[in-house]
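Protein chains in written order, with the UniProt record's numbering: chain D, 1 to 207; chain P, 1 to 208; chain U, 1 to 263.
From the three backbone atoms N, C-alpha and C, an ideal C-beta is built for every residue, glycine too.
Written out below as structure tokens is the structure these notes cover.
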Amino acid sequence: MQYSFIEPPWRPRKGYLIMAADTTAARSIVKMKVDEDKIKTLSPHLLMAYSGEPGKSLSLKDPRDTVQFAEYVERNIRLYQIRNLYPLRPAAAASWIRRALADSIRSRKPYVVNLLLGGYDTATHEPHLYWVDYLGTMTEVPFAAHGYGAYFALSLLDRYHNPEATLEEGLETLKRCLDEVSKRLVVSPSKYKVKIVDKDGVREIEL
Amino acid sequence: MSIMDQNGGSVIAMVGKECVAIASDLRMGNQALGISSNFQRIFPVTDRIFLGMPGLATDVTTLHERLRFRLNMYTIKEEREIAPETFAHLVSSTLYEHRFGPYFIEPVMAGISKTPTGKYKPFIAATDLIGCLNFAKDFVVAGTASSKLYGVAEGLWEPDLEPEDLFETISQTLMNAVDRDAFSGWGCIVHVITKDKVITRTLKGRMD
Amino acid sequence: MARRYDSRTTIFSPEGRLYQIEYAMEAISHAGTVLGVLAKDGVVLAAEKKVTGKLLDLSSAKEGGYGGSGEKIYLLNSNVIGGVAGLTADANSLVNYARTAAQRHLLAYNEDIPVELLAQRLCDMKQGYTQFGGLRPFGVSLLYAGYDPHYQFQLYHSDPSGNYSGWKATCIGANNGTAQSLLKQEYKDDISVKDAIGLVLRTMSKTMDSTTLSSEKLEFAVLTLDPETKQPRAKIYRPAEIDALLASEGLTKKDDDAEMKTA
């Protein structure tokens, strides 16, 4: 009677998900902060990286939008877990967050936030990754990126992403992407936070 | 740049002999940057009806979820599956509810209905983004490649095609049209609905 | 004494009781029995129909639809079957509310509603009617037989006060005490659906007034997992299927018919 999305055939099979985000908080051309954590842990097995829409003029977006929205999401996901004792599964959390953005875009003052949602589903023992933009567009993908670095990172991942890669190999590929961004992007960030989610939950690592 | 072209994507539906086909590409992009090569914009509605939604991707998801709500309530209360004609009007009225702030979607639907005499009648329809219905007898197209799809379909379609011939016709039409469109492509999915089964095939396409 | 405190639901009696709710529960204990058993690979629900007779139009139960005669057992969502005991009109309103609540969850989270959450949604509403505005509480108890990936198969019961609880096997309606003690004796942990069906039918045959068990007085449903898709599959039996099931379980009075013929 009810139908959901058709399962993509290429989901990473090694059971982990890596997420990385730079740590600079900038206002216009000025770096205001160099140790900002832009990856929130929404639940024991769910990560959310967030950023603003590049190229949009500041008058269109409140610079606090991203953090405001991230905290709104964080607390609602936490509330669900407190009420129901178990956390939302990654797909359900992603759908809820997407709807929040889709409703927001048609409101008087929309949030301008782009997201990557990565989680490990403890019911099916599979990792999931969702690309979400400020319009509420959502799609499940094997790899994803937002921001100016995305043009370089996606091209490298098209070539080097391997669903069968071990965690070490996965981190090697991530390094290639970050190195390429440092090499080619005019305003390249200096530091990244890297987080992993797998069956044991979320952990942060140093590259 | 129109908001209808933000994510790209195209859908086509064709009528055959006691069968219909509906097909779309699988690309979802952010303007010229491709994001996903596995974006499903055709959804099963019943065992015999499919709905394709080219247009703004956020609205594809939202509208799919909203229609699913109304459809599931219809099915569970009526205790029967919806007829294609009824479903077309459900889609139309849902879109017209948002007449002055529309969902940026131009839905295409395909299905077969059973007539009182026990025969199977193919059904296709499309609407514009505010729900104006177009019941065609041959084919309907929508999406960023619609102008190209019209041209190719006009040349390839003929009446009373059997399921396998209809599959070939719709596949060739879609693949050749999306190759001329920068915002559509990255593989295709085709559903052929016959009176006793649905044949679903994914097609590999150019990845540029 | 009770007279002074039972006309409005929102008022406690000096002994700290809410009489209207107790009366609602009393009404339910005269309603058609609904019985549920949780098995390791499914949940079984059976119910006794009270509205019967040869003039009753049952054509919708025999063909079309999803089975069931629409008196006791309803599909609430693709993963939950509900059995109701009490005022049928109140039940219809609750069933409609449950279906809408399930669809609202699907809309918000793109997943089937977890069974306990659906029970909670209904109980929130039922509780409201015990506290606010001079309204009458719902005269309905429900059994929820459902599946979700968090706790697999589950069986819940909710009453007019808005209380709910999870069960391995339980019964509401007329003779629920008898049925529950029978279930307590016979229930075994990790019982299979097949055995649960037998247990349910045997218990029903002992608690129902009528001597013979047939589709005329019985509604029956099973929730299992589809072996291929691993998705929950709710099956509400049609009259013919119930009679076939009763025959295969040896619970129809075939002997009587045979005697009649020879006589």
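Discussion item. I want to check one thing, is the minimum distance from the CB of glycine 86 of chain U to the heavy atoms of the ligand SAM below 6 angstroms?
Written reply: Ligands displayed in this structure: none; no statement on the ligand SAM is therefore possible.
Practice prompt. Note the first and the last residue of the continuous beta strand (DSSP E) segment covering valine 222 of chain U.
Written response: 218 to 225
Fill in: Enclosing alpha helix (DSSP H) for serine 107 of chain D [first to last residue]
Here serine 107 of chain D belongs to no alpha helix (DSSP H), and DSSP marks it neither H nor E.
Worksheet item: Going by beta carbon distance, what residues of the same chain come within less than 7 angstroms of asparagine 176 of chain P, once the five residues before and after it are set aside?
Response: Val152
Discussion item. Along the segment 123 to 139 of chain D, where does the CB come closer than 7 angstroms to a CB of chain P? Name the residues.
Written reply: Trp131, Asp133, Leu135, Gly136, Thr137, Met138, Thr139
Discussion item. Relative to the C-alpha of alanine 89 of chain U, which candidate in U:Tyr109, U:Thr203, U:Val140, U:Gly67 has its C-alpha closest?
Written reply: U:Val140
Worksheet entry | For lysine 199 of chain D, three-class secondary structure by DSSP | Lysine 199 of chain D falls in the coil class under three-state DSSP.
Practice prompt. Taking the CB atoms as reference points, tell me whether glutamate 85 of chain P and lysine 195 of chain P lie closer together than 7 angstroms.
Written response: no
Practice prompt. Tell me, to the nearest whole angstrom, how far the beta carbon of alanine 94 of chain D is from that of methionine 138 of chain D; I am working on the premise that it is less than 8 angstroms.
Written response: Confirmed, about 6 angstroms.
Worksheet item: Assuming glutamate 71 of chain U and glutamate 219 of chain U make a contact with CB atoms under 8 angstroms, what is their CB distance in whole Å?
Response: 7 angstroms
Worksheet entry | DSSP-derived helix/strand/coil call for aspartate 121 of chain D | strand
Practice prompt. Please report the Cβ distance between isoleucine 172 of chain U and valine 34 of chain U, rounded to the nearest whole angstrom; I am assuming they are in contact, meaning their Cβ atoms lie under 8 angstroms.
Written response: 5 angstroms
Fill in: From U:Gly146, U:Gly162, U:Leu107, U:Leu106, residue whose alpha carbon lies closest to that of alanine 24 of chain U
When each option's Cα is compared against that of alanine 24 of chain U, the closest is U:Gly162.
Fill in: Where asparagine 110 of chain U meets chain D, residues with beta-carbon distance less than 9 angstroms
Ser4, Phe5, Ala91, Ala92, Ala94, Ser95, Trp96, Arg98, Arg99
Worksheet item: Between glutamate 169 of chain D and lysine 175 of chain D, what straight-line distance do the alpha-carbon atoms span, to the nearest angstrom?
Response: Using only the alpha carbons, I get a separation of about 10 angstroms.
Discussion item. Run through the DSSP bridge pairs and tell me what isoleucine 205 of chain D is partnered with.
Written reply: D:Val194
Worksheet entry | C-beta neighbour in chain D for proline 149 of chain U, strict 7 angstroms | yes
Item to complete: With distances taken Cα to Cα, identify the nearest neighbour of proline 44 of chain D among D:Glu206, D:Leu207, D:Gly201, D:Ile205.
Response: D:Gly201
Fill in: Positions along the segment 109 to 140 of chain U whose CB lies within less than 8 angstroms of some CB in chain D
Tyr109, Asn110, Glu111, Asp112, Pro114, Glu116, Leu117
Fill in: Host beta strand (DSSP E) of alanine 150 of chain D (start-end)
Per DSSP, alanine 150 of chain D belongs to no beta strand (DSSP E); it is in the alpha helix (DSSP H), 149 to 160.
Worksheet item: Under 7 angstroms Cβ-Cβ, which residues of chain P neighbour tyrosine 66 of chain U?
Response: Glu79
Fill in: Residues near threonine 127 of chain P by beta carbon distance below 8 angstroms, same chain, minus five either side
Ala88, Val91, Ser92, Leu95, Glu106, Pro107, Leu133, Asn134
Worksheet entry | For residue 276 of chain D, the three-state DSSP class (helix, strand or coil) | The displayed coordinates of chain D run from 1 to 207. Any statement about residue 276 of chain D would go beyond what the structure contains.
Worksheet item: Considering proline 163 of chain P, what are the terminal residues of the alpha helix (DSSP H) in which it resides?
Response: 163 to 178
Fill in: Close beta carbons around arginine 99 of chain D, own chain, < 8 angstroms, minus the five adjacent residues each side
Gly136.
Discussion item. Counting only Cβ-Cβ distances shorter than 8 angstroms, please list the residues of the segment 46 to 76 of chain P near chain U, keeping chain order.
Written reply: Glu65, Arg66, Arg68, Phe69, Asn72, Met73, Ile76
Worksheet item: Under a three-way DSSP split, which group does phenylalanine 69 of chain D fall into?
Response: helix
Worksheet item: Under a Cβ-count criterion, where at least 16 other Cβ atoms within 10 Å of its own Cβ denotes burial, should valine 190 of chain P be classed as buried or exposed?
Response: buried
Worksheet entry | Cutoff 7 angstroms: arginine 99 of chain U Cβ touching any chain P Cβ | yes
Worksheet item: chain P beta carbons: is any one of them nearer than 7 angstroms to that of arginine 11 of chain D?
Response: Model confidence at arginine 11 of chain D stands at a pLDDT of 48, short of 50, so the residue's coordinates are unreliable; what they give is reported in the following sentence. So, not an interface residue.
Fill in: Supposed close pair leucine 43 of chain U, leucine 182 of chain U - CB separation, criterion 8 angstroms
According to the sequence provided, residue 43 of chain U is valine. The question's leucine does not apply to it. Actually they do not touch by this definition, with Cβ atoms about 18 angstroms apart.
Worksheet item: Does the segment 159 to 174 of chain P come close enough to the segment 8 to 26 of chain P that 3 or more CB-CB pairs lie under 8 angstroms?
Response: yes
Practice prompt. Measure from the alpha carbon of aspartate 37 of chain D to the alpha carbon of each residue in D:Ile29, D:Leu46, D:Val30, D:Ser51, then state which is nearest.
Written response: Ranking the options by Cα distance to aspartate 37 of chain D, first place goes to D:Ser51.
Discussion item. Using the Cβ count rule (16 or more neighbours within 10 Å means buried), how would you classify histidine 64 of chain P?
Written reply: buried
Worksheet entry | the segment 93 to 109 of chain P: positions lying closer than 8 angstroms to chain D by Cβ | Gly101
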